[in-house]
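If you read the sequences in order, they're chains D and W.
My numbering applies: residue 1 is where the first sequence begins, and numbers increase by one.
My numbering applies: residue 1 is where the second sequence begins, and numbers increase by one.
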Amino acid sequence: MGRTISFSDAINEALAETMRRDKNVILMGEDVAGGAAVDHLQDEEAWGGVMGVTQGLVQEFGRDRILDTPIAEAGYVGAAVSAAATGMRPVTELMFNDFIGSCLDEVMNQGAKLRYMFGGKAKVPLTIRTMHGAGFRAAAQHSQSLYGMFTAIPGLKTVVPSTPAEAKGLLIAAIEDDDLVVFFEDKTLYNMKGDVPEGYYTTDLGKADIKREGSDVTIVAIGKQVHTALEAAEQLAAKGIQAEIVDPRSLSPLDEDTILASVDKTNHLIVVDEATPRCNVATDIAAMVADKGFDSLDAPIKRITAPHSPVPFSPVLEDLYLPSADTIVRTVMELTGEDTAMTT
Amino acid sequence: MEASNTRTQTMDSHQAMWMYQKMSEIRHFEDTVHETFSKGVLPGFVHLYAGEEAVAVGVCAHLNDKDSITSTHRGHGHCIAKGCDLNGMMAEIYGKETGLCNGKGGSMHIADVSKGMLGANGIVGGGFPLATGAGLTAKLQDTGGVAVCFFGDGANNHGTFHEGINMAAIWNLPVIFVAENNGYAEATPFSYASSCENIADRAASYGIPGEIVDGKDAMAVYEAAERAVTRARNGEGPSLIECKTYRNYGHFEGDAQKYKGSEEREEHLKDKDAILQFRQYMLQHNLSNEEGLNKLDEQVKASIQAAVEFAESSDYPDAGSLITDVYVNYTNTGRES
């Protein structure tokens, strides 16, 4: 049964559904409940996270399971890794993915490597939820998209949902998964509404989704950029060009087959990734297709990314920083040999 | 350790007027940003310092441009106390080209290195090692300068607190760690998140002095800071001062602050107000009179209004500046495609 709810509420539901089913699922993070040990505060008045995403969960599950932590990322993320390895199934919130600087060791050297180092005799069923993305005027230390950095680490999985329904299904799948999963939530998508099934369901990790079918060019887009690409596809359709939009949804594992099959059909590939351009996921996907799908290509692969710079604060600069539908359209026109001067 | 109530110091009128002016500037600046933000004019997040003025001002009264400070999310007050230009600050918060960081940093990264203001900081706990490093420079280059790390009660549980202070202690660096314990880390009470009763108690484990002061009392902060700065300048190493204070606004603008008690809010906005208390002190000690202070307040209001007008009439940065200043010298900073 579908109904329209927000991306934020879909995530809240995923947490509630899994916590009802499994008492080992807990949520740990900074102000995930909020106002811990404040006598006069009613649970319904508590923050529920800095953006209110987890609001209401403390009323149903209590403060032992919706656990506020000190501002100590290395401490609580590391504790979540070990709680997972010793029998819990925690979800921990790294408020902004930029804060990974404070706890990278716990993720990269502990959580992601335990299983391998211990010869397969350990598992870390931990989900790290974290906010990413530019466009919120949140400046250089609260706006990055760092999924590429995590995707480079063997032993953990990375998920970047683009719609409310998928956010719910992918988060439940991430929590069910026995590996460490880093789950990226674009802060500018939280208010986005969409049809979301009720109840408990999963959306497979490692399975891409074709958001729009087309025959002329494949556009692989990540997270919010799926929507930028869809906007560009509408403009391209008006010019007689049919773009196929592929949303990988999880970056590790990456659904190479769906991407390669699409490129085999369209013979053109553009990857849209709002992260910085060096060593990012767009580059990784481009390399994969150059390696395994070269014979399908009629033109060079193009990457549309942020510039190689930190995220600027000023709204005029931040708008320029992000990929735009116009840039995608222009790139497609160049790639397919259409004369932009005649069609704009 | 007890809050210090004894006056060891008399203050001259010039110094007192400077402190009053800076506290008044911070209050009016923040109240103005609060009002402007609520109208939807300002982009992004702002975290306001109103209520904590006595801390930044009481400490920075002992500093000069050779001295460095590190700051927090709540950095506007530190900027003003360290002498940053009000126009440049306001323009930065508006994201304008004329801002202290040319619009690239915003409220959370506002900085002026020429004034020794090493930046507001978006990372909780980010300041401890930075202040220690600035103290290392001061020591190795024998500048005579000191470094001050302003940090909130939230940061005192962060690992960098331990690492930064320990290094400053083992290397005997001229660093003053100033805790602004306003009772809440975001929406979480200090008493929940910290295993100690006072942040200053933790100083003992580094073998450095830890002092608790009433952070609403500018004179108490001023005197404690003088002791710590003197120690640092004399090569006697780091100190920790814990200022018990309160923020008048929420963690960020838009925070409903339901975790705060209504009585505590009331008393801090009235009787315990840092500016009212310092005003009383000045009047009692004949450091100024009502007329003089009222006139100063009016001048401050006008300067803040001028800063708003400056910011509003300034241009946004040019598109070309998007990729400048990533490096000193590096040519390939363009985007793909």
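Glycine included, every Cβ here is placed at the ideal spot set by N, Cα and C.
- A Cβ-Cβ separation of about 22 angstroms leaves residue 162 of chain D out of contact with residue 268 of chain D under the 8 angstroms criterion.
- Exposure of residue 105 of chain D is indicated by the presence of fewer than 16 other C-beta atoms within 10 angstroms of its C-beta.
- In the DSSP assignment, residue 12 of chain D falls within the alpha helix (DSSP H) that extends over 7-21.
- Chain W has a Cβ within less than 8 angstroms of the Cβ of residue 70 of chain D.
- Ranking D/260, D/220, D/312 and D/277 by CA distance to the CA of residue 296 of chain D puts D/260 first.
- Each of W/224, W/46 and W/155 was checked against the Cα of residue 94 of chain W, and the nearest Cα belongs to W/46.
- Considering only beta carbons, the part of the stretch 147-165 of chain W lying closer than 7 angstroms to chain D consists of 154, 155, 157, 158 and 159, in chain order.
- Interface criterion not met: the Cβ of residue 200 of chain W is under 8 angstroms from no Cβ in chain D.
- Taking 8 angstroms as the cut-off, the beta carbon of residue 28 of chain W is found no closer than this to the beta carbon of residue 275 of chain W.
- CA-CA distance, residue 211 of chain W to residue 111 of chain D, rounds to 39 angstroms.
- Between the stretch 257-264 of chain W and the stretch 66-74 of chain W there are fewer than three C-beta pairs closer than 8 angstroms, too few to call the two in contact.
- Counting only the Cα atoms, residue 117 of chain W lies some 29 angstroms from residue 281 of chain W.
- By the neighbour-count criterion, in which 16 or more other beta carbons inside 10 Å mark a residue as buried, residue 205 of chain W falls on the exposed side.
- When C-alpha distances from residue 100 of chain D are compared across W/124, W/227, W/106 and W/200, the shortest belongs to W/124.
- Per DSSP, residue 338 of chain D lies in no alpha helix (DSSP H) segment and is marked neither H nor E.
- In this structure, the CA atom of residue 185 of chain W is about 8 angstroms from the CA atom of residue 251 of chain W.
- Closer than 8 angstroms to the CB of residue 38 of chain W there is not a single CB belonging to chain D.
- In the DSSP assignment, residue 34 of chain D falls outside any alpha helix (DSSP H) and carries neither an H nor an E.
- For residue 186 of chain D, the three-state secondary structure derived from DSSP is strand.
- Boundaries of the beta strand (DSSP E) around residue 181 of chain W: 175-181.
- By the C-beta criterion, the stretch 33-51 of chain W is judged to be in contact with the stretch 95-109 of chain W, since at least 3 inter-stretch pairs fall below 8 angstroms.
- Contact between the stretch 143-154 of chain W and the stretch 229-245 of chain W is present: 3 or more CB-CB pairs across the two stretches fall below 8 angstroms.
- Taking a C-beta distance under 8 angstroms as the contact criterion, residue 72 of chain D and residue 158 of chain W qualify as a contact pair.
- For residue 22 of chain W, the closest C-alpha among the options W/86, W/40 and W/12 is that of W/86.
- In the three-state DSSP reduction, residue 244 of chain W falls in the strand class (E or B).
- Closest in alpha carbon position to residue 101 of chain W, among W/335, W/331, W/334 and W/316, is W/316.
- Boundaries of the alpha helix (DSSP H) around residue 292 of chain W: 290-313.
- Note: residue 184 of chain W is bridge-paired with W/189 in the DSSP secondary-structure output.
- Inclusion of residue 76 of chain W and residue 26 of chain W in the CB contact set at 8 angstroms is warranted, their separation being smaller than that value.
- In the three-state reduction of the DSSP assignment, residue 151 of chain W falls in the strand class, which pools E and B.
- Assigned with DSSP and collapsed to three states, residue 231 of chain W falls in helix.
- Note on residue 257 of chain D: under 16 other CB atoms within 10 angstroms of its CB, so exposed under the neighbour-count rule.
- Within the stretch 300-319 of chain D, contact with chain W at the beta-carbon level (separation under 8 angstroms) is assigned to 302, 303, 304, 305, 306, 307, 308, 309, 310, 312, 313, 314, 315, 316 and 317.
- Short of 6 angstroms from the beta carbon of residue 136 of chain D, and not among the five residues preceding or following it, lie these beta carbons of its own chain, in chain order: 187 and 188.
- Interface annotation, residue 109 of chain W: in contact with chain D, CB-CB separation under 8 angstroms.
- Residue-level contact by beta carbon fails for residue 223 of chain D and chain W, as no gap is shorter than 8 angstroms.
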